[in-house]
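Each residue of the sequence shown is one higher than the last, beginning at 1 in our numbering. Quick reminder that beta carbons are idealized off the backbone N, C-alpha and C, glycines included. Heads up, the thing below is written out as structure tokens.
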Amino acid sequence: MSSTTEASALCDCCGSDRLEAIYRPEDSERGLTVHLCRHCGLVQSLPRVDRVPRRETRVSSGADWGNVRYGKGFRAAAAIDRLARRLADIARPAILDVGASRGAFIEALRTLGLDARVTAVEPDMRVLGDYARDETIETICERIEDVDLPSEAFDLVHSCHTLEHLRSPAATLRDHWRVLKPGGLLYVDVPNLAFLASPNVVEEWFIDKHLYHFSNDTLGALLRATGFRAVSLPDPRDTENIALLAVKATKEEAADANDPVARSALRLVARYKERLGANREALKTVAHRLEAMAGDGLVIWGAGRLFDALVRYGGFDASRCAALVDRHLPAYVGERHGVAVLHPRDLPRLGARTVVAMSRTFAGEIEREAKELVPDIKVVSFAWLMAEQAAAPLAAAQGGR
Ligand SMILES: [Zn+2]
Numbered sequence: 001m002s003s004t005t006e007a008s009a010l011c012d013c014c015g016s017d018r019l020e021a022i023y024r025p026e027d028s029e030r031g032l033t034v035h036l037c038r039h040c041g042l043v044q045s046l047p048r049v050d051r052v053p054r055r056e057t058r059v060s061s062g063a064d065w066g067n068v069r070y071g072k073g074f075r076a077a078a079a080i081d082r083l084a085r086r087l088a089d090i091a092r093p094a095i096l097d098v099g100a101s102r103g104a105f106i107e108a109l110r111t112l113g114l115d116a117r118v119t120a121v122e123p124d125m126r127v128l129g130d131y132a133r134d135e136t137i138e139t140i141c142e143r144i145e146d147v148d149l150p151s152e153a154f155d156l157v158h159s160c161h162t163l164e165h166l167r168s169p170a171a172t173l174r175d176h177w178r179v180l181k182p183g184g185l186l187y188v189d190v191p192n193l194a195f196l197a198s199p200n201v202v203e204e205w206f207i208d209k210h211l212y213h214f215s216n217d218t219l220g221a222l223l224r225a226t227g228f229r230a231v232s233l234p235d236p237r238d239t240e241n242i243a244l245l246a247v248k249a250t251k252e253e254a255a256d257a258n259d260p261v262a263r264s265a266l267r268l269v270a271r272y273k274e275r276l277g278a279n280r281e282a283l284k285t286v287a288h289r290l291e292a293m294a295g296d297g298l299v300i301w302g303a304g305r306l307f308d309a310l311v312r313y314g315g316f317d318a319s320r321c322a323a324l325v326d327r328h329l330p331a332y333v334g335e336r337h338g339v340a341v342l343h344p345r346d347l348p349r350l351g352a353r354t355v356v357a358m359s360r361t362f363a364g365e366i367e368r369e370a371k372e373l374v375p376d377i378k379v380v381s382f383a384w385l386m387a388e389q390a391a392a393p394l395a396a397a398q399g400g401r
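So this is what it looks like as structure tokens:
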């Protein structure tokens, strides 16, 4: 039996010695204390007792919960969903199932009808499923850290709710990297630290079985540090688990790529470009509508960027409105698009009957102030005008059905 004392422990991800105790579960039988790496943010429990003396099943809300192992079964379907397409592209895939437990993943894999070669590693003999008697499956009843597997032998390593139990997830991930073929896949699923934010939490989350407690960020960093390049982002709505797919990267790829984060930024910019074009087009309709209302004491409140866009992209004829007011801009600019910028306090003498709140953030405030100045004034907001334009084509399409 080995353990690491708190004094000598280093962060498993970054190697820093700046581990700070932040929480002690009140009924930990292993005497675990939860530490935070001040350098990389990985949350980890110490000491790292890596041989559990007892494997008793405990259904408990305390830190001693463990060895029930039914949760893994629920995760297999999600894994297969994300892996099916990629596995179908590989001829006779060699798959390493780490912590195979009762065989939920192997069962789910069978539904794909693949001609796969499966190696199952599971240290607990009592939970081994039917797969252990299946001659086509190589079952190794040992801890993954003690198993010596050939290099570059697997197309996929599946690791579900295993990393958090290990003495060194980094060492095991580096070994997964070694046993994977170039470009091979790693599917990882671990409990999510985000669960701590659950408002109704009553059960001890830092259980004795778990030495590492990953967030999206720290799991991502650990995968990069061990030579993997994530190819999918975890589901942001899942606050209980983090499941993601990574590929064995070359050293260069692993060093420069935070692929899913980069891709998410690219998607965001692409959507923005599309929306910007569509919204600027919609401004033309908004401008026509406002011009039609212009005879009726129309005042634009807000002479800033939204007003500029209304004129520049919508072609709004600013000379048609009764006035342009702004609380702050008169101190900086006298006019915008040929119209004097006045202070809102002038609203009553301007004959204002309708105010357009050209502000995204302060529309509510403008409405309140406008009604204080001119009690029966009508106020419409920029957001409302734009939403109307967005809804119009939809309503037309539905009406035409
Ligand atoms: Zn660290």
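Contact belief for residue i with residue j at Cβ below 8 Å, rounded distance in angstroms
i, j, result
"residue 293", "residue 361", "Incorrect: roughly 24 Å between the Cβ atoms, too far for contact."
"residue 188", "residue 159", "5 Å"
"residue 108", "residue 80", "4 Å"
"residue 242", "residue 325", "Going by Cβ atoms, the distance from residue 242 to residue 325 rounds to 51 Å, so no, they are not a contact pair."
"residue 434", "residue 78", "Look at the range of the chain in this structure, 1 to 401, and you will see that residue 434 is not part of it."
Outcome for residue i when other beta-carbon atoms lying within 10 angstroms are tallied against a minimum of 16
i, result
"residue 328", "exposed"
"residue 395", "Reliability fails at residue 395, whose pLDDT of 48 lies under 50, so the model's placement of it is uncertain and the value that follows must be treated cautiously. Classification for residue 395: exposed."
"residue 248", "buried"
"residue 2", "Residue placement at residue 2 cannot be trusted, given a pLDDT of 42 that sits under 50; the coordinates are not used to answer."
"residue 272", "exposed"
"residue 100", "buried"
"residue 274", "exposed"
"residue 348", "exposed"
"residue 375", "exposed"
"residue 365", "exposed"
"residue 201", "exposed"
"residue 358", "buried"
"residue 369", "buried"
"residue 112", "exposed"
"residue 333", "exposed"
"residue 208", "buried"
"residue 206", "buried"
"residue 407", "The structure shown does not extend to residue 407, since the chain is modelled only from 1 through 401, so no value can be given for it."
"residue 197", "exposed"
"residue 269", "exposed"
"residue 406", "In this structure the chain extends from 1 to 401, so residue 406 is not present and cannot be described."
"residue 137", "buried"
"residue 343", "exposed"
"residue 161", "buried"
"residue 35", "buried"
DSSP state of residue i mapped onto helix, strand, coil
i, result
"residue 184", "strand"
"residue 298", "strand"
"residue 179", "helix"
"residue 371", "helix"
"residue 377", "coil"
"residue 191", "strand"
"residue 271", "helix"
"residue 332", "coil"
"residue 200", "coil"
"residue 207", "coil"
"residue 15", "coil"
"residue 90", "coil"
"residue 340", "strand"
"residue 354", "strand"
"residue 325", "strand"
"residue 365", "helix"
"residue 303", "coil"
"residue 169", "helix"
"residue 221", "helix"
"residue 277", "helix"
"residue 319", "helix"
"residue 9", "coil"
"residue 349", "helix"
"residue 383", "helix"
"residue 29", "coil"
"residue 83", "helix"
"residue 109", "helix"
"residue 63", "coil"
"residue 264", "helix"
Residues bridged to residue i (per DSSP)
i, result
"residue 141", "BP columns for residue 141 are empty, so no partner."
"residue 441", "The requested residue 441 is not part of the displayed model; the chain covers only 1 to 401."
"residue 162", "Bridge partners of residue 162: none, in fact."
"residue 154", "180"
"residue 174", "According to DSSP, which records beta bridges pairwise, residue 174 is partnered with nothing at all."
"residue 131", "Paired residues: none, contrary to the question."
"residue 120", "97 and 139"
"residue 248", "228"
"residue 241", "191"
"residue 21", "35"
Any chain C beta carbon closer than 8 Å to residue i
i, result
"residue 140", "You won't find chain C in this structure, because it holds only one protein chain."
Would you list the residues whose beta-carbon is nearer than 6 Å to any heavy atom of ligand 1, in the order they occur in the chain?
11, 13, 14, 16, 37, 39, 40 and 42
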